[in-house]
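Using UniProt numbering, the first residue of the sequence shown is number 1, and each one after it goes up by one. Presented below is the structure to which this report refers.
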Amino acid sequence: GCLPRPSRATTDGAPRCRSFGGAMELQNPSTTVDDKPYGHCDPSRPAAKLPHPPAGEPNEEGDKIDPTRQAGLHAIEMYVPRHAVKASTLEKAHGVDGKYTSGLMMHEFCGTGEDEDPVSIALTSLSRLMYRYNIKYEEVGMMYVGSESLLDRSKSIKSNLMMLFNEHNCFDVEGCDVYNACYGGTAALLNTMNWCTSTTWDGRWAIAVATDIADSPAGYRFMTGCACVSMLVGVDAALVFERERCTHIINRWDFYKPWGWHVMAPIVDGPGSIDVYYECLDGCQRGLMEKRGISNVIEDSDFCVFHLGSGPKFVKHAFERCQANAMGWHQAKGGRTKKYDGRLAQEETTTLFNKKVAPSLRLATRIGPQHTVAAYTNLTSLMIHKGKKGALIGKTINVFSFGSGAASTMYRLKVRRMPGHVKDIHSILDQRNFVDAKQFDSIMSEYSETYARFDWTARIRNGPQPGGCYYLKGCDKYGRRSYYQVKDKEGVWKLPPPYTNEPPPRSTAEDIERVKATLPEEYRNLPEFNHVSGVGEEWPPPPPREVTDEEMIELGLWDKPPEPPPPSAAPPAPDPAAALAGMDQSQLQALLQMLAQAQQQQK
1 GCLPRPSRAT TDGAPRCRSF GGAMELQNPS TTVDDKPYGH CDPSRPAAKL PHPPAGEPNE
61 EGDKIDPTRQ AGLHAIEMYV PRHAVKASTL EKAHGVDGKY TSGLMMHEFC GTGEDEDPVS
121 IALTSLSRLM YRYNIKYEEV GMMYVGSESL LDRSKSIKSN LMMLFNEHNC FDVEGCDVYN
181 ACYGGTAALL NTMNWCTSTT WDGRWAIAVA TDIADSPAGY RFMTGCACVS MLVGVDAALV
241 FERERCTHII NRWDFYKPWG WHVMAPIVDG PGSIDVYYEC LDGCQRGLME KRGISNVIED
301 SDFCVFHLGS GPKFVKHAFE RCQANAMGWH QAKGGRTKKY DGRLAQEETT TLFNKKVAPS
361 LRLATRIGPQ HTVAAYTNLT SLMIHKGKKG ALIGKTINVF SFGSGAASTM YRLKVRRMPG
421 HVKDIHSILD QRNFVDAKQF DSIMSEYSET YARFDWTARI RNGPQPGGCY YLKGCDKYGR
481 RSYYQVKDKE GVWKLPPPYT NEPPPRSTAE DIERVKATLP EEYRNLPEFN HVSGVGEEWP
541 PPPPREVTDE EMIELGLWDK PPEPPPPSAA PPAPDPAAAL AGMDQSQLQA LLQMLAQAQQ
601 QQK
């Protein structure tokens with residue numbers, strides 16, 4: 001709806017914003033919900049100490065304002081489902097001791113069963129973000145969702161998430177879904193960033209959601225993992241995007257999911273996918289170095305975050321490649337005295353990797369591949385393991401995001417202060433339900449079998465979700481999915497949650513009349529205008545009506561065509577012998593005369 005624009009300054013003349021320094025360190029990181037469901041703005045709780053995007057025209061200060069507006073990330077909310085298996089357990093069951101633990105540097109893998117999907121885990125992550133920082137839904141003006149785990153070829157995941165906003169009578173939220181393998185989360189984040197730094201920004205928050213479930217065929221469960229992150233984006237941020245970034249997009253067939261393929265899992269060209277990753281890494285690294293006028297991106301950054309690929313071991317190889325590229329270009333530009341002969345000292349490489357990259361991989365070793373979420377799980381891991389006592393403040397983070405097919409971007413973040421994040425994520429991971437390899441394979445198979453399936457109710461395996469989580473109830477015969485939320489120790493309640501007693505702030509009648517005066521006269525009294533602007537709406541709005549099977553015909557864009565009549569039965573072929581046998585003497589005589597006349601005419 002249309003919201004009245006607040007004044008830019010408070011009564012004491014100070015800018016309208018919340019406190020800056022140490023804001024996130026003061027937040028309570030607890031995941032409890034205080035006996036209230038996630039996703040509700042609670043007026044009794046103090047407002048989150050986040051710098052609020054200033055009201056007023058974003059460019060009203062002209063050239064004095066920073067063109068980037070110091071835009072970036074204020075908070076990251078992460079959710080990981082409850083099913084997990086130890087990597088050591090999985091490799092023993094597969095008869096490949098050491099392959100997953102030493103070979104891939106993995107400790108644990110996680111996944112989902114039938115009762116969770118990309119929408120349900122996104123609902124959980126998003127509602128927790130809104131609750132933890134007490135963000136009002138009307139304060140969000142844009143939301144993009146990145147995922148390659150698509151559930152519908154038309155309806156977006158973002159439209160499902162809007163149920164949380166619609167319950168609070170909020171509809172004016174731009175954005176939709178973006179996808180390209182593992183790159184969708186970055187595309188969503190860049191879209192929100194571009195909005196916050198554009199002339200169309202209206203002063204509200206933006207949110208980027210990355211949600212994915214890495215499904216794998218039986219026998220390849222070491223490629224299984226899933227997570228969701230919701231990122232709060234705005235100006236005057238904790239993690240600020242630097243202006244220079246480089247994107248490298250090419251046309252390749254290394255990893256893809258063609259429409260109509262018989263399984264959910266992708267078709268993968270393993271060696272080819274590695275080559276494409278390196279090709280994009282080289283292109284982004286070269287482009288960013290040229291834009292920044294530097295010769296070594298490794299030395300120019302305090303920390304590096306990479307897309308996970310197949311696991312932490314692969315990231316180590318990617319870092320070695322990145323370092324080799326930097327050293328080679330550095331030598332070509334005359335900046336390094338020692339000659340680079342194509343071989344890197346193992347000790348030097350390991351030291352740099354442990355210092356600049358390893359802290360970002362600790363969470364991934366406990367989750368597994370996560371597709372579009374991976375880079376931001378790694379960023380969260382870096383915040384957790386290197387952000388204590390302000391150790392990251394003032395540091396620069398180089399981020400490389402990649403998606404097969406292929407799209408990639410390399411950008412840099414400057415840490416002005418610590419963003420909000422779930423500090424006790426490791427204790428949450430410890431509380432997951434660990435199962436043996438056979439049970440894990442069974443749970444993952446149940447999820448895979450939901451592909452292209454209709455009219456089913458989800459089975460709950462391995463215990464229910466924690467309180468506040470959303471879960472998938474089932475899918476009807478038309479493909480419509482229903483979601484519920486677990487309420488702590490009080491059963492479950494359906495989404496959307498109960499309506500609030502008071503409507504959110506709306507535009508006044510005077511505001512509406514003033515806007516109407518700017519419209520052509522023929523448009524001023526349209527009922528649609530009143531509906532969009534929020535004037536005269538029923539409050540609380542009525543709940544969505546139930547749609548029956550018979551009503552589905554009426555919901556179409558045209559009447560159902562009449563069914564064609566059943567085809568009539570074909571007459572039986574005549575039998576000449578039976579026809580002659582049924583004639584009397586006079587009929588036979590007449591037939592012979594007709595045949596004789598016919599012969600005479602032919603002559």
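Ideal Cβ placement from N, Cα and C applies to all residues, glycine included.
Query                                                                                                                                                       : Result
On the CB-based measure, 16 or more other CB atoms within 10 Å of its CB, does residue 148 come out buried or exposed?                                      : buried
Mind checking who residue 304 pairs with in its DSSP beta bridge?                                                                                           : 398
Can you tell me where the alpha helix (DSSP H) holding residue 276 begins and where it ends?                                                                : 270–292
Is it buried or exposed, residue 113, if we count other Cβ atoms within 10 angstroms and call 16 or more buried?                                            : buried
List the residues that DSSP assigns as beta-bridge partners of residue 472.                                                                                 : 483
Among 172, 169 and 210, which residue has its Cα nearest to the Cα of residue 178?                                                                          : 210
Please report the distance separating the alpha-carbon of residue 109 from that of residue 83.                                                              : 8 Å
Out of 287, 591 and 360, which has the shortest C-alpha to C-alpha gap to residue 319?                                                                      : 360
What residues in its chain sit with their C-beta under 6 Å from that of residue 543, if we drop five residues either side in the sequence?                  : Bear in mind that the predicted position of residue 543 carries a pLDDT of just 47, short of 50, making it too unreliable to give a figure here.
May I ask you to report which of helix, strand or coil DSSP gives residue 350?                                                                              : helix
Do three or more CB pairs link the stretch 416–432 to the stretch 377–392 at distances below 8 Å?                                                           : yes
Below 6 Å CB to CB, which residues in the same chain sit around residue 500 once its five sequence neighbours on both sides are set aside?                  : Residue placement at residue 500 is flagged as unreliable, the pLDDT there being 33, under the threshold of 50; a coordinate-derived value is accordingly withheld.
Is the separation between the beta-carbon of residue 77 and that of residue 229 shorter than 8 Å?                                                           : yes
So, helix, strand or coil for residue 154, using DSSP?                                                                                                      : coil
Would you kindly report the start and end of the unbroken alpha helix (DSSP H) that includes residue 192?                                                   : 184–196
Taking the alpha-carbon positions, what's the residue 233 to residue 201 distance?                                                                          : 12 Å
DSSP has residue 240 in a bridge; who is on the other side?                                                                                                 : 72 and 414
Keeping to the same chain, check which residues put their C-beta closer than 7 Å to that of residue 266; ignore five residues upstream and five downstream. : 255, 256 and 257
Is it true that the stretch 289–297 meets the stretch 386–395, where meeting means three or more beta-carbon pairs spaced less than 8 Å apart?              : no
Can the beta-carbon of residue 122 be found less than 8 Å from the beta-carbon of residue 96?                                                               : no
My output table needs one value for residue 220: the three-state DSSP class, helix, strand or coil.                                                         : coil
Quick check: the Cα distance between residue 62 and residue 245, rounded to an integer number of angstroms?                                                 : Per-residue confidence for residue 62 stands at a pLDDT of 39, beneath the threshold of 50, marking its modelled position as unreliable; the derived number appears in the next sentence. Distance between the alpha carbons of residue 62 and residue 245: 25 Å.
Would a C-beta distance cut-off of 8 Å place residue 131 and residue 403 closer than the cut-off?                                                           : no
Is it the case that the Cβ atoms of residue 416 and residue 206 are separated by a distance below 8 Å?                                                      : no
Tell me whether residue 180 sits in a helix, a strand or coil according to DSSP, three-state version.                                                       : strand
From which residue to which residue does the alpha helix (DSSP H) around residue 263 run?                                                                   : Segment: none, residue 263 is in no alpha helix (DSSP H) and carries neither H nor E.
Can the beta-carbon of residue 301 be found closer than 8 Å to that of residue 412?                                                                         : yes
If distances are taken between C-alpha atoms only, which option among 124, 221 and 586 comes closest to residue 368?                                        : 221
Reducing DSSP to helix, strand and coil, say where residue 371 ends up.                                                                                     : helix
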